[in-house]
Structures are given as structure tokens and as C-alpha cells.
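Residues in the sequence shown are numbered from 3 upward in steps of one, following our numbering. From the three backbone atoms N, C-alpha and C, an ideal C-beta is built for every residue, glycine too. Data block below; observations after.
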Amino acid sequence: MKFCIHEFAVKKEVWSSDKTTIYLELFVKYFIIGVTVLVVAVPEGLPLAVTLALAYSVRKMMFDNNLVRHLDACETMGNATAICSDKTGTLTTNRMTVVQSYIGCIHYKQTPNFNDINPAISNLLIHTIAINSGYTSKVILSKDSSTLPTQLGNKTECALLGFVLDLGQDYDALREETPVDKIYKIYTFNSVRKSMSTVLKLEDGFRLYTKGASEIVLKKCDFILGHDGIPKPFSLQDQEDMVANVIEPMANYGLRTLCLAFKHFVHGPAKENETHYDEEPNWEKEDEIIRGLTCIAVVGIEDPVRSEVPGAIKKCQEAGITVRMVTGDNVNTARSIAAKCGILRPGEEFLVIEGREFNHRIRDPATGEVKQELFDQVWPQLRVLARSSPQDKYTLVKGIIDSRVNANREVVAVTGDGTNDGPALKKADVGFAMGISGTDVAKEASDIILTDDNFTSIVKAVMWGRNVYDSIAKFLQFQLTVNVVAVLVAFFGACTINDSPLKAIQMLWVNLIMDTLASLALATELPTEELLKRKPYGRTKALISRTMMKNIIGHAIYQLTVIFVLLFGGAEILDIDSGRIEEAEKHAPPSQHFTIIFNTFVMMTLFNEVNSRKIHGQRNILSGLRRNPVFVGIWVGTLISQIIIIELGGFAFSTKGLSLEQWLWCLFLGIGALLWGQIITTIPTHKLPHLCTWGTSSDAQLDMDAIDGAKLDASPESDDHVGRRGQILWVRGLTRLQQQIRVVNAFRMALDARYDGHSLSSNYSSQSLENLRMRYKFPASPRIDASASTNQTVDTSV
3 MKFCIHEFAV KKEVWSSDKT TIYLELFVKY FIIGVTVLVV AVPEGLPLAV
53 TLALAYSVRK MMFDNNLVRH LDACETMGNA TAICSDKTGT LTTNRMTVVQ
103 SYIGCIHYKQ TPNFNDINPA ISNLLIHTIA INSGYTSKVI LSKDSSTLPT
153 QLGNKTECAL LGFVLDLGQD YDALREETPV DKIYKIYTFN SVRKSMSTVL
203 KLEDGFRLYT KGASEIVLKK CDFILGHDGI PKPFSLQDQE DMVANVIEPM
253 ANYGLRTLCL AFKHFVHGPA KENETHYDEE PNWEKEDEII RGLTCIAVVG
303 IEDPVRSEVP GAIKKCQEAG ITVRMVTGDN VNTARSIAAK CGILRPGEEF
353 LVIEGREFNH RIRDPATGEV KQELFDQVWP QLRVLARSSP QDKYTLVKGI
403 IDSRVNANRE VVAVTGDGTN DGPALKKADV GFAMGISGTD VAKEASDIIL
453 TDDNFTSIVK AVMWGRNVYD SIAKFLQFQL TVNVVAVLVA FFGACTINDS
503 PLKAIQMLWV NLIMDTLASL ALATELPTEE LLKRKPYGRT KALISRTMMK
553 NIIGHAIYQL TVIFVLLFGG AEILDIDSGR IEEAEKHAPP SQHFTIIFNT
603 FVMMTLFNEV NSRKIHGQRN ILSGLRRNPV FVGIWVGTLI SQIIIIELGG
653 FAFSTKGLSL EQWLWCLFLG IGALLWGQII TTIPTHKLPH LCTWGTSSDA
703 QLDMDAIDGA KLDASPESDD HVGRRGQILW VRGLTRLQQQ IRVVNAFRMA
753 LDARYDGHSL SSNYSSQSLE NLRMRYKFPA SPRIDASAST NQTVDTSV
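Written as C-alpha cells, this is what we have:
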């Protein structure tokens, strides 16, 4: 445009046949420059940077026991503000042992001697443990006395079986006497009944063995075995005394309490604690069957807190993440464990309630529906939800996500291992399933699988998530600086000297540096614990912060100043021939003048790449450099490539070899970018106006349907996860990458169809899309998200 205005409007030249060749050459020249400027200006390297950062992080997270199933969960986890965690196996070791017991009205603080227990009681005790448990649960003693026994199956049952072994008895022998096929009826454990019962058929009737939550089973007991083995009445007052004197002290010590009981059905004359029947009892009437029990014992099971968990939870709290424990245990046990973990901190207001009270507080008394206004009065202080069901967990997660108490919507992560945890895992912004103890349903509903069932792995996921965000921000800071400088230099050069100081091939080399190589170098930074000392960014944080904008503008000013000084005064300063040529000399060979400008620009870009490793105003830009050999290797490789291009590029790269002195000047000006970065860091960021940010968005702006019509390959149920997307630009980058994959594969399909000698369009009418993929090895697009439906029904039965 400038050429046309200058030639035909200002100089009033007339197009003539003898100047056609010259005009065409100039048009092609300026067109190439224009296209090159456009290529450099557009940040098309962003999708590559996003993909590299996510792919690298996902791969490395495997070594931190995080198996990422959905890519966006990695970045989302870095912005998490709340974690709803299970207790057993996640916060604790899930290696349970019986450490206290109440047998025959005697409280034992350690494993009693079997011979000290009345034979009538001890016989019932070992039988109810051995038979009223899953026969797949086993404790295998180690040949080495220094090695702990191996627990297989349900850990609670393993603790009871280990108790039998500690008493010196063999539970396997008792199971051989009563094989599975001789068991008459089983009431399996679930989250509703909180107990398990087994019915055996005896010669004189039936015997029912029951074990379960102590406060629940005790309410169904009418008798208790005394120290002499004789049943005696167990009144309501006796129950209350036992809860106050036995169960609560155990629970306050962090023990999980279980009550073991039995009931005898006889056809003939019945004793006081037995039930007479003329016709076989109706076993379907569970409430009638499991009542009038005789209490055998209450045991306290210890599940130690993982040694690393308190430190991990403290890191979460420092990172601005609230940790809540959701468990099915007794409220006193849950409170004790939460205090040991550090979830409950001294001097902090918190709420520890049971699931029943939780529902009572948040539901409308008239309709029974959850009221968000009532819920918002509970959840900010809630730290422990005890005696909870999977439905309670789902209600808690959904309520926190829907709440607008805070300016930014909460980003919630939740852990789960059971089939019934599926709805909560899907509803959460990030769902963590247990890799060891988790069911297939839980894993399928999750975003990330913890291969070691350890809470500390969640903290690692937070670090990687924040590192992904920072890696993209580093790349943006670096690329935008290069974009601004390259475009302005090309534009003003064309306007002032009728030529760009940076030739098309040179700008493409710079574009390669800032797109491919820089994205790989900056995306491979390893996370550090410094990331956990910052609060979550929040959903409305600007993509480019004020600190980043300060760095971009500051380094652009330095680089533009250096380049323009070299452009207009470099020939005199360095005592070389000027590269600013007249039109008649357009075919002149490359000059040292413009070669120095190009080389200096690349040197400043390379050293600014080192500056871009820090985006939060840190002065020590070299910290952690040794931990990233990929960055060092790419940086050194780029420098060597630049030397080769300058010295050997010649006419192909429009360069001319430089002397040692000229190289030192270029390096000095490049290193000046490091020194200039220290000056920029001195400028207080908080005094900059908020206008010096870019990319601020609200939750409403994160609707995927509004992103230029781009649609992710998500399931139709993705509405539930719309609000948890990262910044729009990142998602658009992933979408663009998917579209490019489709184009490439579609091209392959067309070529295959051509060689196969038939039309591809005919296949669409006769084959399904899946058949096409199988025929042409056309992979489905990477799944970005698996979402939950908003209309979930929660099955609370096993």
C-alpha cells in the first residue's frame, strides 16, 4: 500500500510496459515482507506451547503417581481452591490394626491373653470374626519376623482377622469348618445399614453374627455378655454409659470402633437372649431380624495417619486451598484424625458435623430440597463431614461449585474409590480416583487416578497444574516481546528506508526460535514448591499480568532502541558501510550493517528467553537452570545455529560474516537484555495501572459456545464442566490443534481412497464413522474432557 501511494500518488508515476518487470519484482518483494510480518505477528506457536506443556506435564506426573485421563484436568488442578478428601487410605495408611478392645465388660488397652477371656465369650468372638467377613479377606504372616503381615482384601476385616491371630487362634480352621456354601444368608455391608451380618444354620436353629458401627449396632442390642460369659440385660442407660466410657474415649484417640454381636434363633425352648420361632423367620424383614442382639465385644481399630500428610495439608493451606475430610467414620474419630492431619487448626473457626445434621441444616424443612442460601451458611466453615454417604459427598461438591459466596467460583477437587462416588467425581472440577482401592466405575468417572492412593500425590498435581499455567505465561511473555519488536522494526523500516532491516528468511528463522524451540524450552520447566506459596489465580485473573506486561513493554523498548540506533547510526559507530541502499542497488549483496542488526536482534531474543523463565518479578533468573537440561540444550543449540547462519548463510540468509569485534558487540548488546531486565524488575508493579493487563474474563465468558463457534470433542454431557475451563486462548489452541489433526488425517484418507480406486464419499453412505476410522487408521480426536450430566441419580446401595 505504501509503495502504491508513494509511486502513483506522490511521485505520480504512470504504469508503463518498460517498468512492469520492476513493479512486479517490487510487488513480490513487499508482498513477501507483508506475509512474513503477518506470520511473525500471529502467535500460531501458542497451540504448540499448550500441547507441549500439557503433554510434558502429563508424562512427568506419571512419576508422581498421577495418571491423567483428561488433559484439561492438569491445568484446572493448579487453580483448585478446595479439596474434599476421603480419610481411609488417602489421609491414612489403610493398614488397620486392633489396638483396644472391650470384651466381657473389661476394657483392654492392648491385646488380651486369650486364656484370660471366658471360653464362652472367646469362642463366640473368634467365630463371629472368622465367619462374618469376606472369605477373600486374609492376613498372611511373613516368614521374616521383622516384616509386617500382608493384608489382602477389606482392610477393616483384615484388622479383625489379625486380632484373631494376635490372640493365638487360627481363623482359617474355623472357615474350613464353615465353608461359604454352608452360609445360609448374608446381609452385606453398605453405607446405609453400616453393618454386615451372616446367618448360619445350626442343628437347633439359626445363629446371626453381626458387626458394624458401634453406636448403630449397640442400639440393636438388648443384652451383653458379662465377664462370666452370661448374658445380662443391656438397658438404654447401659448403652449411654458404654458410649461415654468406652466408645467416645476410643474415638477421641482416633480409633474406629466396631461392635460385634450375635443372635440365636431356636425352634425349641428359648433362653432369655434367644428368639423362639415356629416357622422359619422371614429373612427379608431385615429390621426384625437384626434386633434384640447380644453384644460380644467392641474393638478399637487404629488406621495411622500417613507421616507425610500433615506436611502436605499445610502446603495446601499455604497455597490457598481448603482441605475438607469426608468420611463414614464416627464424628469423634473423624475429628481426632482431622486434628492429627492438620485439617483442624488451633484458633480457627471450623465445623465438624455428621451427614444427618448436614442435611438437616441445608434442606428446606417443607420440601426437603437443598437450598443454596442455607448451604452457603454451612460450607465455608465446614472441615469434616462424618458418618456421610456418597449422596452427601455429591451434595457437598455440587453446593460448593454452585455457591457464589466468593467473587470467584470455587474450583473443587474430590477423591473417591467406591462405585457410589461416581456422581461426585464427575461433578467435581477435578475428580481423583484411587488406583489401588478404587473401583472401575470410580476410575472411569475420574479425571486423574492416584496410583498410590496418597494425598501427597494430589499436592504434586497442584504443583504441576500451576506449572502448566506458568509455562504458558512464560511463552506468551517471550513471544509477544519478539512479535512487537519484529513487527515494528519491519513496519518502520519499510516506511523509512523502503526496506525491512530483517529479511523474510531471517524473520522466519526468528519465528522458528520463538515458536517451536522456545515453546519446547519454556514448557519443560520442572515445578518447585515455590508454586505452592501463591494463592490460586482465580477464574477472572488476566492472562497477561501487570508484571508480564511490564516485562514485555520494557524489553520491547530496549530492543527497539538498540535496533533503531544500529539502523540509523550503526554504520558510523562501527565504522562499516551502510546497508541502507537505493532502489538502483536493490540487487546489492548482503551487508555487514544489516547482518549486525539481525544478529543483535537474535542475541537479545536469546537472552530475553532466559529472562522469560521468571514471570513474577524474581531477580535470580538463573535459579533452577541446572534442573532443566532441555532449556540449556535448546539455548546453546540455537546459539550455535545462529553462528553458522551468520558465518555460512551468505546470500540464502542475507548475511555476511562478522569479525570478532563485531560479534562481541552483538553479544554485549544481547547480554544487556539481562541487565535491563534487572532494571525493569526494580519498577514497582503495584503502581502500574490495571489497564496494563490483558485477557481478563468472567465465568460467563468461559462458555465454550462463545469461542468463535469452536466446539471441543466432548460428550453431550459436558455442560457440567463448562465452568471449569482454563483461559479461552488455551482452549482455542487445543481446538485448533485438533482441527489440524483432522485436516492431516482427512488428507491421508483422500490419498488412500485415490490409490484404492474408489471414492471416499461412497464410503460415508455405506460405512459408519467408526468403520472409516478402522479402515483408514484414522484415530479419534484426543478426548479433552469427560463430563457429568447434571441429572444424576445416586444409588446408595452396594
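Counted as a single uninterrupted DSSP element, the beta strand (DSSP E) harbouring residue 153 occupies residues 152-154. Within the DSSP secondary-structure output, residue 276 pairs in a beta bridge with 266.
Rounded to the nearest angstrom, the Cβ distance from residue 470 to residue 59 is 5 Å, consistent with a contact under 8 Å. Counted as a single uninterrupted DSSP element, the beta strand (DSSP E) harbouring residue 99 occupies residues 99-105. Look at residue 111 here: in three-state DSSP terms it is coil, with no helix or strand label.
Residue 509 sits away from residue 47, with the two beta carbons spaced by 8 Å or more.
For residue 355, the enclosing beta strand (DSSP E) has its first and last residue at 353-356. When the beta-carbon positions are compared, residue 345 and residue 323 stay at least 8 Å from each other.
In this structure, residue 399 and residue 343 do not form a Cβ contact; the two beta carbons are roughly 20 Å apart against a cut-off of 8 Å. Segment contact: the segment 182-193 against the segment 260-276, fewer than three CB-CB distances shorter than 8 Å; contact not assigned. Contact between residue 119 and residue 105 holds, since their C-beta atoms are separated by about 6 Å, short of 8 Å. Judged by DSSP secondary structure, residue 252 falls within the alpha helix (DSSP H) whose first and last residues are 250-254.
Within the segment 368-443, the complete beta strand (DSSP E) segments of 3 residues or longer fall at 384-388, 414-418 and 432-436, listed in chain order. Beta-bridge partners assigned by DSSP to residue 299: 105 and 262.
Distance between residue 402 and residue 412, taken at the CA atoms: about 7 Å.
Secondary structure of residue 312 (DSSP, three-state): helix. The shortest CA-to-CA distance from residue 159 to any of 431, 137 and 475 is the one to 137.
In the DSSP assignment, residue 141 falls within the beta strand (DSSP E) that extends over 140-142. Remark: fewer than three beta-carbon pairs, one from each stretch, lie closer than 8 Å, so the segment 172-189 and the segment 144-154 are not flagged as touching. Taking all protein chains in view, the Cβ of residue 278 is surrounded by fewer than 16 other Cβ atoms within 10 Å, so the residue is classified as exposed. By a beta-carbon distance limit of 8 Å, residue 292 contacts residue 222. Their separation comes to about 6 Å.
Put simply, the segment 562-573 does not touch the segment 108-115. Fewer than three CB pairs are less than 8 Å apart. Inter-segment contact for the segment 599-612 and the segment 638-648 is present: three or more beta-carbon pairs are separated by less than 8 Å. Scanning 417, 482 and 422 for the CA closest to the CA of residue 461 turns up 417.
Runs of the beta strand (DSSP E) lying entirely within the segment 17-96, each at least 3 residues long, are 68-70 and 84-87 in chain order. Ranking 594, 668 and 523 by CA distance to the CA of residue 630 puts 523 first.
Looking at the backbone, the Cα of residue 476 and that of residue 616 are separated by about 7 Å. Secondary structure note for residue 233: its beta strand (DSSP E) is the uninterrupted segment 233-235. When secondary structure is reduced to three states using DSSP, residue 204 falls in the strand class. Across the structure, residue 251 and residue 626 are spaced so that their CA atoms are roughly 50 Å apart. Annotated three-state conformation of residue 191 is coil, per DSSP. Per DSSP, reduced to three states, the secondary structure at residue 213 is strand. The beta carbon of residue 430 is closer than 7 Å to those of 399, 414, 415 and 416 in its chain, skipping five residues each way along the sequence. Residue 529 has its alpha-carbon roughly 32 Å from the corresponding atom of residue 41.
In the DSSP secondary-structure assignment, residue 649 is not bridged to any residue.
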